[in-house]
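J.: The structure under discussion is supplied below as structure tokens; questions concerning it will follow.
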Amino acid sequence: RTHRHELFTPSAIGTAPDESRNKFQLKTIETLLGNSAKVGEVIVLGMITQMKEGKFFLEDPTGVVQLDISKAQFHSGLYTESCFVLTEGWYEDEIFHVNAFGFPPTEPSATTRAYYGNPNFFGGPSSTSVKASAKLKQMEEENEDAMFVFLSDVWLDQADVMDKLRIMFSGNSVDQCRSDRTF
17 RTHRHELFTP SAIGTAPDES RNKFQLKTIE TLLGNSAKVG EVIVLGMITQ
67 MKEGKFFLED PTGVVQLDIS KAQFHSGLYT ESCFVLTEGW YEDEIFHVNA
117 FGFPPTEPSA TTRAYYGNPN FFGGPSSTSV KASAKLKQME EENEDAMFVF
167 LSDVWLDQAD VMDKLRIMFS GNSVDQCRSD RTF
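Just add 16 to the spot in the sequence shown (first one is 1) and you have my numbering.
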């Protein structure tokens, strides 16, 4: 999807120089790992992981590289482990030094469905997208105030985590939430 975005599609032959200057080329981690010299200013699409305590890595289908995020600027958004990001920086001494983190550009769901059809990308018993489900549409219309809260890596043995959970749960009154919660 990111490769289809106008910022990452190659310029057409004969395009005005001003238009081609605003294009970017995505590199793979394999490209970085295959270089022994410094690789300057590259953009890599990958998933943030923490393979070692306190050390972050970027992973894509071609490999994994350790990140130095000490000087990184974060564009607006919530960055978590296992989220996909565009990283801009340079590679040297087996470390990718990140200047900036951002999220991949969005694409309307209609455009994605035009390319892929209606497969269920999220798993579960249905092989087709639940967007086309009449039963789900009815449930959404009947429960306009329904919400899902997803949590990950919740360390219940840490007091500050428990305090934040209490704040989160107190913000969702019984009137707002259904009583059938999954934990």
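Every residue gets a Cβ at the ideal spot worked out from N, C-alpha and C, and that includes glycine.
In this text, all values refer to a predicted model and were calculated from it rather than measured experimentally.
From the beta carbon of Thr-96, is the nearest beta carbon of chain D less than 8 Å away?
T.: Here there is only one protein chain, and chain D is not present.
J.: How many Å lie between Phe-112 and Val-60 at the Cα?
T.: C-alpha separation (whole angstroms): 10 Å.
J.: Leaving out five residues on either side along the sequence, give the residues of the same chain with a beta carbon under 6 Å from the beta carbon of Glu-104.
T.: Around Glu-104: Ile-59, Asn-115, Ala-116.
J.: Among Pro-120, Phe-73, Lys-87, Ser-52, which one has its Cα closest to the Cα of Leu-94?
T.: It is Pro-120.
J.: Could you pull the start and end residues of the beta strand (DSSP E) that Met-63 belongs to?
T.: From DSSP, the beta strand (DSSP E) with Met-63 extends over 55–68.
J.: State the Cα-Cα distance for the pair Ala-148 and Ser-98, rounded to the nearest angstrom.
T.: Near 28 Å, if we compare the C-alpha coordinates of Ser-98 and Ala-148.
J.: DSSP puts Tyr-132 in a beta bridge; with which residues?
T.: In the DSSP output, where bridge partners are listed per residue, Tyr-132 has none listed.
J.: Spatial neighbours of Val-80 within its chain, please: C-beta separation below 8 Å, excluding the five flanking residues on both sides.
T.: Excluding sequence neighbours, Val-80 sits near Ile-45, Thr-65, Met-67, Phe-73, Leu-74.
J.: In chain order, what residues of the same chain have a beta carbon less than 8 Å from the beta carbon of Met-63, not counting five sequence neighbours either side?
T.: Hits under 8 Å: Leu-74, Glu-75, Asp-76, Ser-98, Cys-99, Phe-100, Val-101.
J.: What are the boundary residues of the alpha helix (DSSP H) that Val-177 is part of?
T.: Per DSSP, Val-177 belongs to the alpha helix (DSSP H) from 175–186.
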